[in-house]
């Protein structure tokens, strides 16, 4: 068991090292962060969606924006589209699971908002449907996925593809990417409030 634990930790480290050495990934994280910062500077919001563990990541990242990350500052408007059971079950029942997020974006999204779409496979149908709605509404799109080619590639303005095919390793990298975006956004928008600057 000890060897398995150590191997799992090492495998996670290896994916983070691959991410660190991926110039394309680093550049995309930078572009995604600038996209989020520009949206907030314009008075817009972020919307996030994913399934399973990725749904939890959406809630985690939205919580960092709305509450705080490194220091106290005003909250930033962010909605995880994975949390309202009445909305989710109504859409699932009336329209089908593939439209869980598309319907919410149609109702809640505005031009200039940013949609962060999380799918380890890059092929989640309800994520692809949501991304297609964003194109029609002028909503910018950032994808978090794995290294395989997926349907998301066709729809995302930026798709940050973690260099792995293993779902847990991809998810572990997604949350560090989310944390980086949150931290850089907070610093850019509220550095005057940062007690550690």
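Numbering (our numbering), first residue to last: -6 to 190. Where is the CB? At the ideal position from N, CA and C, for every residue including glycine.
Exercise. If we count the other Cβ atoms within 10 Å of its Cβ and call it buried at 16 or more, is residue 20 buried or exposed?
Worked result: So residue 20 ends up on the exposed side.
Exercise. Is the CB-CB distance between residue 92 and residue 122 below 7 Å?
Worked result: Yes, the pair counts as a contact, with Cβ atoms nearer than the cut-off.
Exercise. Are three or more beta carbon pairs between the stretch 39 to 52 and the stretch 96 to 110 nearer than 8 Å?
Worked result: Touching, per the Cβ criterion.
Exercise. So who's on the other strand from residue 108, going by DSSP bridges?
Worked result: Bridge pairing for residue 108: 40, 134 [DSSP].
For this session: Return the chain-ordered list of same chain residues with a C-beta closer than 6 Å to the C-beta of residue 94, the five sequence neighbours on each side being excluded.
Result: Correct list, in chain order: 42, 74, 119, 123.
Exercise. In its own chain, which residues sit with a C-beta less than 6 Å from the C-beta of residue 55, not counting the 5 before and 5 after it?
Worked result: So the qualifying residues of the chain are 41, 71, 73.
Exercise. Does the beta carbon of residue 41 come closer than 7 Å to any beta carbon on chain B?
Worked result: The chain labelled as chain B is not found in the depicted structure, where only one protein chain is given.
For this session: Would you check if the distance between the CB atom of residue 156 and the CB atom of residue 11 is smaller than 7 Å?
Result: Contact check for residue 156 against residue 11 passes: the beta carbons are separated by less than 7 Å.
Exercise. Under the three-state reduction of DSSP, which class applies to residue 73: helix, strand or coil?
Worked result: Under the three-state reduction of DSSP, residue 73 is assigned to strand.
Exercise. For the candidate residues 127, 0, 133, 64, whose alpha-carbon lies nearest to that of residue 33?
Worked result: If we check each option's Cα against that of residue 33, 133 comes out closest.
Exercise. Looking at the unbroken alpha helix (DSSP H) that takes in residue 170, where does it start and where does it end?
Worked result: Per DSSP, the unbroken alpha helix (DSSP H) holding residue 170 starts and ends at 160 to 183.
Exercise. When DSSP builds the beta bridges, which residues end up paired with residue 152?
Worked result: In the DSSP output, where bridge partners are listed per residue, residue 152 has 136.
Problem set entry | Alpha-carbon spacing of residue 82 relative to residue 190, whole angstroms | Annotation: residue 82 to residue 190 spans about 45 Å, alpha carbon to alpha carbon.
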